[in-house]
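*Asks:* Going by our numbering, the sequence shown opens with residue 6, and the numbers climb by one from there. Idealized CB from N, CA, C, for every residue including glycine. Please see the structure below; I have some questions.
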Amino acid sequence: MSWIRSRGSRALILASALALVVAACGDGTTETTAGETTTTASGGETTTTGGGGEGGDFVTIGVLAPLTGEIGEFGQIVSEAFELGIDEINATGLNTCGEIRLQFADTETNPEVAIREADQMIGSAENLVGFFGPSSGEMVALIDTAHEEELMLVSPYAGTTELNELGGDFVYRTVASDLADGEAAAAFIIDEEWQTAAVLAQVAESPLSSANVVREQLADADIEIVADVEIVAGQPSYEAELSQVIAESPEVIYMSVGIESGVTILREADALGYDGHWMLSADLVGQDTIDLTGPEIVEEKVYAEGAESDADRAVLQTFAAPYEEEFGIEPQVFSPNAYDAAMLFGLAMMAADECTGAGINAAFRDVAGPPGTVVGSFQEGAEALLAGEEIDYNGASGVLEFDESGTPPGSFAIFQVLNGTFERVAFYPASFFVD
């Protein structure tokens, strides 16, 4: 099964619609009927969707996601999946904190922009309880804000190993650490019995985290790293760096960069005559990588790793049906992780003593792990909580039992470009990464 489909047209539609909303809302607020309100504040968009809550009570979650920049495609994916989950929660009418409103801002894959947008939301959003969606560098930059303001900070794809030490109190992620990303990539390279490798890593938080693990794992397996190059994103050409790498004739190149740099590198490497294999990091597991590079360049030669849950999980299938109905495509990489973040926000609100970031933080771990009744949806969990039971949410992305750093275990797949799309060719369950 391939989870990677083209999202270009939908992203363009969303961007155009957002531009029209911003242009039309000169006073910062537009209200419509049918229980839906859309506002723009501090450059963002707040959306509430029918049902949910009593007496007009509500809470706000800020969606701080990179809708543009090096991982803009993934920011779109997780924002949509998170909103789908929040809509599901609101539709039940069971949330004791009332309706959940979302306020969106584009972080541009830039930590400084993320801090600015967070500060603006803190100053303008009513009943703000937390933020969802920052990428790795943005998460690290926002930790102090989360602690000082007692606001939740949750990401579905921030794998940086810095969070292994800094996360766990107000700071959580619904994806495994880059330690596991790097281990999955290295494991496949080892399984394929390639004997020489090169590493190309972007100088940024998450790419370097994954690359460091790959270096260590390959060295431990006595696979020779014949070239090791770090690059800066946004360069018009990487021919000099590639010439250095290709001259060493590696059987496989591990590349951990954003999509803009990655496409440039793949195209230039092809022009320079490199005919070996590629192992790409999770930031490049998207149809745009194939389409922008050229299917003929990447066909069969390119592999990539990415977080993926077991396709047989019942909760995943329950999530997939409404996702496909809403977007017309199968769930995308990181979308189950984003949906699970929404469920945990809602269930922690139900279990908390107060509708605040501090209250949600106090209950976040409790609803995600044992002991308790195993549940796979907000409605199941809310009804159990209202009946006085403890709950253990098992999500679409997998089991979400957070360690001290606020990180769950995770499973990963290896994809290969076959017939113009990424198809899964190997799978490593969460148990593979447990010592």
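Whose CA, out of Val-83, Val-250, Arg-272, Gly-142, lies closest to the CA of Pro-116?
*Replies:* To locate residue 116, count along the sequence shown from 1; it is residue 111. The option with the nearest alpha carbon to Pro-116 is Gly-142.
*Asks:* Check the DSSP bridge columns for Trp-283 and list the partner residues they point to.
*Replies:* The residue given as residue 283 occupies position 278 in the sequence shown. Looking at the DSSP assignment, Trp-283 forms a beta bridge with Ile-258, Val-307.
*Asks:* Can you tell me the Cβ-Cβ gap for Ala-357 and Gly-351, rounded? I've got them flagged as a contact below 8 Å.
*Replies:* On the sequence shown, position 352 is the one that residue 357 refers to. On the sequence shown, position 346 is the one that residue 351 refers to. Wrong, their Cβ atoms sit about 11 Å apart, outside the cutoff.
*Asks:* How would you call Thr-45, buried or exposed, if buried means at least 16 neighbouring beta carbons within 10 angstroms?
*Replies:* Residue mapping note: residue 45 aligns to position 40 of the sequence shown, counting from 1. Any reading at Thr-45 must be qualified, since the residue scores a pLDDT of 36, below 50, and its modelled position is unreliable; no value is offered.
*Asks:* Do Ala-130 and Leu-147 come within 7 Å of each other at the CB atom, strictly closer than that value?
*Replies:* Translated into positions along the sequence shown, residue 147 becomes position 142. Translated into positions along the sequence shown, residue 130 becomes position 125. Result no, Cβ atoms of Leu-147 and Ala-130 do not sit closer than 7 Å.
*Asks:* Comparing alpha-carbon positions, which option in Phe-432, Ile-270, Gly-278, Ala-312 lies nearest Ala-163?
*Replies:* Numbered from 1 along the sequence shown, position 158 holds the residue referred to as residue 163. Checking every option, the nearest Cα to that of Ala-163 belongs to Ala-312.
*Asks:* Between the Cα of Ala-238 and the Cα atoms of Asp-315, Gly-291, Val-208, Ala-274, which residue gives the shortest distance?
*Replies:* Here the question's residue 238 lines up with position 233 in the sequence shown. Selected option, being the one with the closest Cα: Val-208.
*Asks:* DSSP three-state label for Ser-266, please.
*Replies:* To locate residue 266, count along the sequence shown from 1; it is residue 261. Note: Ser-266 maps to helix in three-state DSSP.
*Asks:* Could you compute how far the alpha carbon of Ala-151 sits from the alpha carbon of Thr-323?
*Replies:* Here residue 151 refers to the residue found at position 146 of the sequence shown. Here residue 323 refers to the residue found at position 318 of the sequence shown. Distance between the alpha carbons of Ala-151 and Thr-323 is about 32 Å.
*Asks:* Distance check for Ala-206 and Leu-213, CA to CA, integer angstroms please.
*Replies:* For this step, residue 213 is matched to residue 208 along the sequence shown. For this step, residue 206 is matched to residue 201 along the sequence shown. In a straight line, the C-alpha of Leu-213 is about 6 Å away from that of Ala-206.
*Asks:* Give a yes or no on whether the C-beta atoms belonging to Ala-4 and Val-234 are separated by under 7 Å.
*Replies:* The displayed coordinates of the chain run from 6 to 440. Any statement about residue 4 would go beyond what the structure contains.
*Asks:* When you compare only the Cα positions, how much space is there between Ala-353 and Gly-299?
*Replies:* As a position in the sequence shown, residue 353 is number 348, starting the count at 1. As a position in the sequence shown, residue 299 is number 294, starting the count at 1. If I take the Cα positions, the gap works out to 45 Å.
*Asks:* Val-168 to Gly-411, Cα distance in whole Å?
*Replies:* The count along the sequence shown starts at 1 and reaches residue 168 at position 163. The count along the sequence shown starts at 1 and reaches residue 411 at position 406. Val is not the amino acid found at residue 168; the sequence shown has Leu there. C-alpha separation (whole angstroms): 8 Å.
*Asks:* Can you check DSSP and say which residues form a bridge with Arg-370?
*Replies:* Along the sequence shown, read from residue 1 onward, the residue named residue 370 stands at position 365. The partner list for Arg-370 (beta bridge, DSSP) is empty, contrary to what the question assumes.
*Asks:* Of all the options Ser-314, Asp-315, Ser-140, Ala-387, which has the alpha carbon lying nearest to the alpha carbon of Met-348?
*Replies:* Residue mapping note: residue 348 aligns to position 343 of the sequence shown, counting from 1. Of the candidates Ser-314, Asp-315, Ser-140, Ala-387, the one whose C-alpha sits nearest the C-alpha of Met-348 is Ala-387.
*Asks:* With which residues is Gln-207 paired in a DSSP beta bridge?
*Replies:* Taking the first residue of the sequence shown as position 1, residue 207 is located at position 202. Beta-bridge pairing links Gln-207 to Ile-236.
*Asks:* Pull the bridge partners of Met-157 from the DSSP assignment, please.
*Replies:* Within the sequence shown, residue 157 is the residue found at index 152, counting from 1. Gly-135.
*Asks:* Give the straight-line distance between the Cα atoms of Thr-42 and Arg-106, rounded to the nearest whole angstrom.
*Replies:* Taking the first residue of the sequence shown as position 1, residue 42 is located at position 37. Taking the first residue of the sequence shown as position 1, residue 106 is located at position 101. Residue confidence for Thr-42 is low, a pLDDT of 36 falling below 50, so the modelled location carries little weight and cannot support an answer.
*Asks:* Would you kindly work out how many angstroms separate the C-alpha atoms of Pro-434 and Gly-128, rounded to a whole number?
*Replies:* Locating residue 434 in the sequence shown gives position 429, counting from the first residue. Locating residue 128 in the sequence shown gives position 123, counting from the first residue. So the two alpha carbons sit approximately 42 Å from each other.
*Asks:* Tell me whether Gly-67 sits in a helix, a strand or coil according to DSSP, three-state version.
*Replies:* By one-based count along the sequence shown, residue 67 stands at place 62. Residue state, collapsed to three classes: strand.
*Asks:* Tell me whether Phe-417 sits in a helix, a strand or coil according to DSSP, three-state version.
*Replies:* Locating residue 417 in the sequence shown gives position 412, counting from the first residue. Phe-417 falls in the strand class under three-state DSSP.
*Asks:* Quick one: grab the DSSP three-state call for Asp-111.
*Replies:* Residue numbering aside, residue 111 sits at position 106 when the sequence shown is read from its first letter. Strand.
*Asks:* Could you give the residue range of the beta strand (DSSP E) that holds Phe-427?
*Replies:* Locating residue 427 in the sequence shown gives position 422, where the first residue counts as 1. Segment 426-433, the beta strand (DSSP E) holding Phe-427.
*Asks:* Helix, strand or coil for Arg-106? Go by DSSP, reduced to three states.
*Replies:* By one-based count along the sequence shown, residue 106 stands at place 101. Arg-106 falls in the strand class under three-state DSSP.
*Asks:* My understanding is that Leu-405 touches Asp-345, with C-beta atoms under 8 Å, so please give their C-beta distance in whole angstroms.
*Replies:* As a first step, residue 405 is located in the sequence shown; it is residue number 400 there, counting from the start. As a first step, residue 345 is located in the sequence shown; it is residue number 340 there, counting from the start. The Cβ separation is near 6 Å, so the contact holds.
*Asks:* Going by CA-CA distance only, name the one from Leu-277, Tyr-279, Val-118, Val-262 that's closest to Gly-291.
*Replies:* Stepping through the sequence shown from its first residue, residue 291 is reached at position 286. Closest option to Gly-291, Cα to Cα, is Val-262.
*Asks:* If we count Cβ pairs, one from each stretch, closer than 8 Å, do we get three or more for the region 293-307 versus the region 263-279?
*Replies:* Touching, yes.
*Asks:* With C-beta atoms as the reference, is Gly-103 less than 7 Å away from Asp-149?
*Replies:* The residue labelled residue 103 in the question sits at position 98 within the sequence shown. The residue labelled residue 149 in the question sits at position 144 within the sequence shown. Cβ atoms of Gly-103 and Asp-149: not closer than 7 Å.
*Asks:* Counting contacts by CB-CB distance shorter than 7 Å, is Arg-121 in contact with chain C?
*Replies:* Judged by its chain identifiers, the structure shown contains no chain C, having just a single protein chain.
*Asks:* With a threshold of 8 Å on Cβ separation, who are the neighbours of Glu-273 within its own chain once the five nearest residues in sequence on each side are excluded?
*Replies:* For the purposes of this step, residue 273 is identified with residue 268 of the sequence shown, where counting begins at 1. Hits under 8 Å: Ser-242, Tyr-243, Glu-244, Leu-247.
*Asks:* Between the region 322-336 and the region 303-310, are three or more C-beta pairs nearer than 8 Å?
*Replies:* Flag = no, the region 322-336 and the region 303-310 do not touch.
*Asks:* Name the one or two DSSP bridge partners that Thr-323 has.
*Replies:* Numbered from its first residue, the sequence shown carries residue 323 at position 318. None; Thr-323 has no bridge partner.
*Asks:* In whole angstroms, what is the alpha-carbon distance linking Phe-109 and Leu-69?
*Replies:* Translated into positions along the sequence shown, residue 109 becomes position 104. Translated into positions along the sequence shown, residue 69 becomes position 64. If you take the alpha carbons of Phe-109 and Leu-69, they lie about 6 Å apart.
*Asks:* Excluding five sequence neighbours on each side, which residues of the same chain lie with their C-beta closer than 8 Å to the C-beta of Ser-14?
*Replies:* Residue numbering aside, residue 14 sits at position 9 when the sequence shown is read from its first letter. Note that Ser-14 scores 33 on pLDDT, short of 50, meaning its location in the model is unreliable and no value can be drawn from it.
*Asks:* In the DSSP assignment, find the alpha helix (DSSP H) that holds Arg-318 and state where it starts and stops.
*Replies:* Taking the first residue of the sequence shown as position 1, residue 318 is located at position 313. Arg-318 -> no alpha helix (DSSP H), and no H or E assigned at all.
*Asks:* Tell whether a beta-carbon distance below 7 Å holds between Ile-302 and Asp-280.
*Replies:* Taking the first residue of the sequence shown as position 1, residue 302 is located at position 297. Taking the first residue of the sequence shown as position 1, residue 280 is located at position 275. Against a cut-off of 7 Å, the Cβ pair of Asp-280 and Ile-302 comes out as no contact.
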